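Here is the structure we will look at, set down as structure tokens.
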Amino acid sequence: MKKIMIAAMALLLSTGAFAQSVIETVAQVGMLTVPAQQMSIDKDAKLAEGAMRARLKEAGLKVRNNEGWIAAVEQVFEQVSPSPISFFAKIETEGRKSNKMTVITICAVPTDLTQNQAVLSAALRAYLESFPQYIDRYQAQLDLEVHEDNLKKAEKAADKATAAVASIDKDIAAMQAKIDAKRQEISKLQSEIADLEKKIEKAGGKKSEAQRKASDADQNVKAAQNEVDRYRQMAQ
Numbered sequence: 018m019k020k021i022m023i024a025a026m027a028l029l030l031s032t033g034a035f036a037q038s039v040i041e042t043v044a045q046v047g048m049l050t051v052p053a054q055q056m057s058i059d060k061d062a063k064l065a066e067g068a069m070r071a072r073l074k075e076a077g078l079k080v081r082n083n084e085g086w087i088a089a090v091e092q093v094f095e096q097v098s099p100s101p102i103s104f105f106a107k108i109e110t111e112g113r114k115s116n117k118m119t120v121i122t123i124c125a126v127p128t129d130l131t132q133n134q135a136v137l138s139a140a141l142r143a144y145l146e147s148f149p150q151y152i153d154r155y156q157a158q159l160d161l162e163v164h165e166d167n168l169k170k171a172e173k174a175a176d177k178a179t180a181a182v183a184s185i186d187k188d189i190a191a192m193q194a195k196i197d198a199k200r201q202e203i204s205k206l207q208s209e210i211a212d213l214e215k216k217i218e219k220a221g222g223k224k225s226e227a228q229r230k231a232s233d234a235d236q237n238v239k240a241a242q243n244e245v246d247r248y249r250q251m252a253q
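Converting from the sequence shown to the working numbering requires adding 17 to each position, the first position being numbered 1.
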């Protein structure tokens, strides 16, 4: 028997029926007191409110604020009623700081007052019972958007870094091209220097030959001068 009770409690917890049970209550909407469905969940109130608004908009409803209620007035809400209704939802926080719970209350006022209230209440109950799962999906979608945004930022940063690398590569290529051009100029200058050095060496050889000839010619001049001087003395 003890094992059966433990198994039953585990089933209730896994389905949310134990921790997220829906109770019937009444709500004051303006001047009206109407039957309502209420649930307490361990979820952030702002998250729950955002999820409620998102879910109603997904259903094609126009949502507005109405004296503290999230309201969709006189519209067909197919998940709850085939006939037009005014749907109201209120999300509040109760309990101590260490044990806060979010209380969700929903109710509906049918446009057709002959509409079966029991059927409407059952539809509201089913809608509210499925809401925690929607909150989880809504949270997952918000997380996905954050991660997608982070991915976009990371991709943008990666693209920027890649562009910076490409720019640096371009600068390096330009500098390398200048180096190659300078090397070509140096090679050309070295070739010209080598040619000039060869010409200098050749000119040096010509200079030595010219100096030898000049020395010989100078000696010939001296010898000729000596002969002239000798014959002048003989002619006196």
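Built from N, CA and C at the ideal position, the CB exists for glycine as well. Since we're looking at a predicted model, the values are computed, not measured.
- Going by beta carbons, Lys-79 and Ala-65 fall outside the 8 Å limit.
- Per DSSP, Ser-138 is one residue of the alpha helix (DSSP H) stretching across 134 to 146.
- For Ser-147 against Pro-52, the beta-carbon gap comes to about 19 Å, at or over 8 Å, which does not count as contact.
- Burial is judged here by how many other beta carbons sit within 10 angstroms of a residue's own beta carbon; Ala-231 has fewer than 16 and is exposed.
- Phe-105 is the residue among Asp-186, Leu-73, Phe-105 and Met-69 whose C-alpha sits nearest the C-alpha of Leu-49.
- Going by C-alpha positions, His-164 is about 46 Å away from Asp-129.
- Here Lys-60 is buried. Its C-beta has 16 or more other C-beta atoms within 10 Å.
- Taken through DSSP and simplified to helix, strand or coil, Thr-179 comes out as helix.
- For secondary structure counted as the alpha helix (DSSP H) over 4 or more consecutive residues, the segment 48 to 101 holds these complete runs in sequence order: 62 to 75.
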